[in-house]
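**Q** Please find one structure pasted underneath; my questions will follow.
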Amino acid sequence: KSAIVSDDYVRVLDSPTIKVTSGSSAGHGIRGKDYVRIGSGTVSVSTSAAMKKGIGSDDYVLIEGGTIDVTVSGGVAYDSDDAEYKGTAGIKADNYFAMTGGTVTIKNTGAGGKGVSAGSYDYDSTNHTLSDSYISGGTLNITTTGSESQDVSCKGIKIGWVTKSGSGDHATVTGYAGNLNISGGSVIINCTAAEGLEAKGNLTFDGGSTYVYSTGDDAINCQAEMDINDGYIYAYAT
């Protein structure tokens, strides 16, 4: 089971200190069905089970302040309910991820692991809309060191979904959604075997500082339009 879980929401206020450890046969670290919202305090989350998330929600995750450290080490496993393989994530939101302040540090060492993942196809098809993810303040530092497993890729930040017809280089995109706007704050991403920053919809830079390093794939990638209006962007790929 998950360490901290609510069928409604989980909200962190008034500067508590929270330490969560979820073992290799357990569930998620912190999970709020409606949302997870952290405004202050010190939150430390460690998960080691396959396909589980450090912090997750069926809707959105909003970071407004505080100091959050998430460590994830689990790998890929088969989800019999959805009949597909799934990986882990430091933060997973089925609708959108947002950050306006605070400091978030995520390290994911598992195969098929992601730092931040937001915007699922199932949420979009059920609710007929996918809200935009955004970062307007704070510091987000992500490191992933895992490799792809069972067609589940590792990424620093992955926003949205894409559907394709066919396979490989001959595949045709049939649909996509998931926009990300970065207007402030500092984003630092280091990936050793995967794309650093990926938006399946539009990716817009309106400010802030974004540093992305990838030694295995694209540093910054989007399916639709990429607009650079302001801010500092450093992308390095080998």
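Numbering (the working numbering), first residue to last: 307 to 544.
Ideal Cβ placement from N, Cα and C applies to all residues, glycine included.
1) Can you look up D524 in the DSSP assignment and give me helix, strand or coil?
2) Helix, strand or coil: which one does DSSP assign to G408?
3) For T510, count neighbouring C-beta atoms within 10 Å of its own C-beta (all shown protein chains included) and say buried if the count is 16 or more, exposed if not.
4) Mind checking I488: buried by the 16 CB within 10 Å criterion, or exposed?
5) In the DSSP assignment, find the unbroken alpha helix (DSSP H) run with D385 in it and report its ends.
6) Below 8 Å between beta carbons: does that hold for W467 and S423?
7) Do you know offhand how far H476's Cα is from K470's?
8) Can you tell me where the beta strand (DSSP E) holding D536 begins and where it ends?
9) Does the Cβ of H334 have 16 or more other Cβ atoms within 10 Å, making it buried, or fewer, making it exposed?
10) If you measure between the beta carbons of I310 and I336, is that distance less than 8 Å?
11) Under the rule that 16 or more other beta-carbon atoms within 10 Å means buried, what is S330, buried or exposed?
12) Would you report the Cα separation of G462 and A543, rounded to the nearest angstrom?
13) Leaving out five residues before and five after I539 in sequence, what residues of the same chain have Cβ atoms less than 7 Å from its Cβ?
14) In this structure, does DSSP put G450 in helix, strand or coil?
15) Once the 5 residues before and after K307 are set aside, which same chain residues still bring their CB inside 6 Å of it?
16) Helix, strand or coil for S492, going by three-state DSSP, please let me know.
**A** Looking at the atomic coordinates:
1) Reading the sequence shown from its first residue, position 218 is the one you call residue 524. In the structure shown, D524 sits in coil (DSSP, three-state: anything other than H, G, I, E or B).
2) What you label residue 408 is simply residue 102 of the sequence shown in a count that begins at 1. G408: coil per DSSP, three-state reduction.
3) For the purposes of this step, residue 510 is identified with residue 204 of the sequence shown, where counting begins at 1. Here T510 is buried: its Cβ has 16 or more other Cβ atoms, across all protein chains shown, within 10 Å.
4) If you number the sequence shown from 1, residue 488 lands on position 182. Counting Cβ neighbours within 10 Å, I488 comes out buried, since at least 16 surround it.
5) Along the sequence shown, one-based indexing puts residue 385 at 79. Following the DSSP letters along the chain, one finds D385 in no alpha helix (DSSP H) but inside the beta strand (DSSP E) bounded by residues A383 to D385.
6) Counted from its first residue, the sequence shown places residue 467 at position 161. Counted from its first residue, the sequence shown places residue 423 at position 117. S423 sits away from W467, with the two beta carbons spaced by 8 Å or more.
7) One-based indexing of the sequence shown puts residue 476 at position 170. One-based indexing of the sequence shown puts residue 470 at position 164. One C-alpha to the other measures close to 10 Å.
8) The residue given as residue 536 occupies position 230 in the sequence shown. The continuous beta strand (DSSP E) containing D536 extends over residues M532 to A543.
9) The sequence position of residue 334 within the sequence shown is 28, counting from 1. Classification for H334: buried.
10) Within the sequence shown, numbered from 1, the residue matching residue 310 stands at position 4. Within the sequence shown, numbered from 1, the residue matching residue 336 stands at position 30. I336 is positioned such that its CB atom lies closer than 8 Å to that of I310.
11) Here residue 330 is taken as the residue at index 24 of the sequence shown, counted from 1. Around the CB of S330, fewer than 16 other CB atoms lie within 10 Å, so the residue is classed as exposed.
12) In the sequence shown, residue 462 corresponds to position 156, counting from 1. In the sequence shown, residue 543 corresponds to position 237, counting from 1. About 13 Å.
13) The sequence position of residue 539 within the sequence shown is 233, counting from 1. The residues are F511 and T516.
14) On the sequence shown, residue 450 is found 144 positions in, with the first residue counted as 1. The sequence shown places Thr at residue 450, rather than the Gly named in the question. In the structure shown, T450 sits in a strand (DSSP, three-state: E or B).
15) As a working note, residue 307 is residue 1 in the sequence shown. Closer than 6 Å at the Cβ level, and outside the excluded window around K307, lie G333.
16) Counted from its first residue, the sequence shown places residue 492 at position 186. Per DSSP, reduced to three states, the secondary structure at S492 is strand.
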